[in-house]
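Engineer: Quick one: this structure, given as structure tokens, is what I'll be asking you about.
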Amino acid sequence: MTTGPAPRLARAARRAVLDAVGVLLPADCVGCGAVDRAVCEPCRTALLGPSPHVALRHGLRAWAALEYGGVVASSIGAFKDGARTDAAGPLSRALGAAIAAALHGLPPSSVEVCTIPSTAAAMRARGYAPVELLLARGGIRASKVLRLTRSRDDQAGLGAAARRANAEGALEARRPLDGRRFLLVDDVLTTGATLAEAARALGAAGAAVVAVAVLAETPLRRPEHSASSRETLRDNDIRGGYGGMTGVVDPPFQTRVTRR
Ligand SMILES: [Zn+2]
1 MTTGPAPRLA
11 RAARRAVLDA
21 VGVLLPADCV
31 GCGAVDRAVC
41 EPCRTALLGP
51 SPHVALRHGL
61 RAWAALEYGG
71 VVASSIGAFK
81 DGARTDAAGP
91 LSRALGAAIA
101 AALHGLPPSS
111 VEVCTIPSTA
121 AAMRARGYAP
131 VELLLARGGI
141 RASKVLRLTR
151 SRDDQAGLGA
161 AARRANAEGA
171 LEARRPLDGR
181 RFLLVDDVLT
191 TGATLAEAAR
201 ALGAAGAAVV
211 AVAVLAETPL
221 RRPEHSASSR
231 ETLRDNDIRG
241 GYGGMTGVVD
251 PPFQTRVTRR
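Residues 1 to 260, numbered by the numbering used here, are exactly what the sequence shown covers, in order.
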């Protein structure tokens with residue numbers, strides 16, 4: 001491991017500087033590029049406007065705050081892979097709305113939060129874990145119960161079924177989790193292969209997934225088992241597209257994002 005106190009401090013300092021710059025100077029809006037605040041008022045409305053909705057994938061019922069595309073995709077891409085942590089506020093509130101919807105009717109004290117672990121390469125490149133950062137803004141801390149078992153083959157060009165097969169066994173629990181109940185949280189839901197793998201790994205360790213919440217979902221135009229990553233890529237081929245660095249497999253593509 002190359003991480004230690006010094007790089008961690010350097011990353012924290014970089015984050016603090018980026019946040020401070022966002023406060024002091026006009027910035028390009030992460031959603032539309034207008035010279036304004038980190039998130040201009042119309043884009044803020046787009047991120048906070050809709051009510052969470054349900055998306056079904058691999059038998060999982062996920063509550064999604066937003067549909068992936070347009071201003072939503074630009075904002076998430078800039079936040080995740082453009083170092084625009086100054087845009088965390090509205091994204092965190094949107095994710096919080098999805099979490100509240102997912103947990104509705106459940107006794108919250110009995111449910112822990114589980115996220116998908118980032119690869120070491122993604123952590124090094126970003127200096128922060130995007131989903132954990134959004135959760136922290138809302139006062140939520142995830143339990144670090146899952147880890148990656150091995151590096152994944154590049155998923156680009158694989159259909160949904162192949163991606164699912166490729167995802168199997170990618171995650172494992174760090175310890176037995178008998179009887180524990182989890183809310184799974186991720187940023188972008190595409191085919192759902194990553195969340196399905198997380199649910200499998202939690203189940204294999206004796207835990208149950210009682211709810212799923214995501215920041216945004218990519219509506220699939222075809223039934224899930226015929227969706228191709230090529231189609232998903234085309235759907236998302238827009239400014240500031242998703243970087244694909246956190247996930248195990250989902251989404252399956254790498255997009256170049258201009259760093260500021
Ligand atoms: Zn804007």
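Note that beta-carbon positions come from the ideal geometry of N, C-alpha and C, so glycine has one too.
1) Using the Cβ count rule (16 or more neighbours within 10 Å means buried), how would you classify H225?
2) With a threshold of 8 Å on Cβ separation, who are the neighbours of L9 within its own chain once the five nearest residues in sequence on each side are excluded?
3) Cβ of A34 within 7 Å of any heavy atom in ligand 1?
4) Thinking just about the alpha-carbon of each residue, which of A129, V113, V209 and E112 is nearest to the one in A120?
5) Can you tell me where the alpha helix (DSSP H) holding R126 begins and where it ends?
6) For T115 and L146, what's the separation of their Cα atoms in angstroms?
7) CB-CB under 7 Å to E67, same chain, minus the five flanking residues each way: which ones, in chain order?
8) Got a sec? Which residues, its chain only, sit under 6 Å from A208 by beta carbon, not counting five neighbours each side?
9) Would you call the stretch 122-137 and the stretch 188-196 in contact, with 3 or more CB pairs under 8 Å?
10) To the nearest angstrom, how far is the alpha carbon of A100 from that of L177?
11) What three-state label does DSSP hand T262 in the structure shown?
12) Measure the CB-CB distance between A97 and A64 and report whether it falls below 8 Å.
13) From the DSSP output, in three-state form, read off L184 for me.
14) Sorry if obvious, but does the Cβ on P203 come closer than 7 Å to a heavy atom of ligand 1?
15) Indicate, with yes or no, if ligand 1 has a heavy atom lying under 7 Å from the CB of P42.
16) Leaving out the 5 sequence neighbours to the left and right, which residues in its chain are closer than 7 Å to L103 when beta-carbon positions are compared?
Structural biologist: Considering the structure as presented:
1) Reading the sequence shown from its first residue, position 225 is the one you call residue 225. Bear in mind that a pLDDT of 43 at H225, under 50, signals an unreliable position, so the number given afterwards is only what the model happens to contain. Answer is exposed; the Cβ neighbour count stays below 16.
2) If you number the sequence shown from 1, residue 9 lands on position 9. Nothing listed; no residue qualifies.
3) Working through the sequence shown from its first residue, we reach residue 34 at position 34. At least one heavy atom of ligand 1 lies less than 7 Å from the C-beta of A34.
4) By one-based count along the sequence shown, residue 120 stands at place 120. Selected option, being the one with the closest Cα: A129.
5) As a first step, residue 126 is located in the sequence shown; it is residue number 126 there, counting from the start. Its alpha helix (DSSP H) spans residues A120 to R126.
6) Here residue 115 refers to the residue found at position 115 when the sequence shown is read from its first residue. Here residue 146 refers to the residue found at position 146 when the sequence shown is read from its first residue. CA-to-CA, the gap between T115 and L146 works out to about 8 Å.
7) Within the sequence shown, residue 67 is the residue found at index 67, counting from 1. Cβ within range, chain order: A216, E217 and P219.
8) Mapped onto the sequence shown, residue 208 falls at position 208. R181, listed in sequence order.
9) At 8 Å Cβ cutoff, the stretches do not touch.
10) Mapped onto the sequence shown, residue 100 falls at position 100. Mapped onto the sequence shown, residue 177 falls at position 177. Cα to Cα, the separation comes out at about 24 Å.
11) There is simply no residue 262 to check, as the chain begins at 1 and stops at 260 in what is shown.
12) Residue numbering aside, residue 97 sits at position 97 when the sequence shown is read from its first letter. Residue numbering aside, residue 64 sits at position 64 when the sequence shown is read from its first letter. Their beta carbons are not under 8 Å apart, which means A97 does not touch A64 by this criterion.
13) Sequence index remark: in the sequence shown, residue 184 carries index 184 (1-based). DSSP places L184 in strand when its eight states are reduced to three.
14) The residue given as residue 203 occupies position 203 in the sequence shown. Checking the sequence, you will find Gly at residue 203 rather than Pro. Every heavy atom of ligand 1 is 7 Å or more from the Cβ of G203, so no.
15) Along the sequence shown, one-based indexing puts residue 42 at 42. Yes.
16) Taking the sequence shown and counting its residues from 1, one reaches residue 103 at position 103. Excluding positions up to five away in sequence, the list reads V111, L183 and A211.
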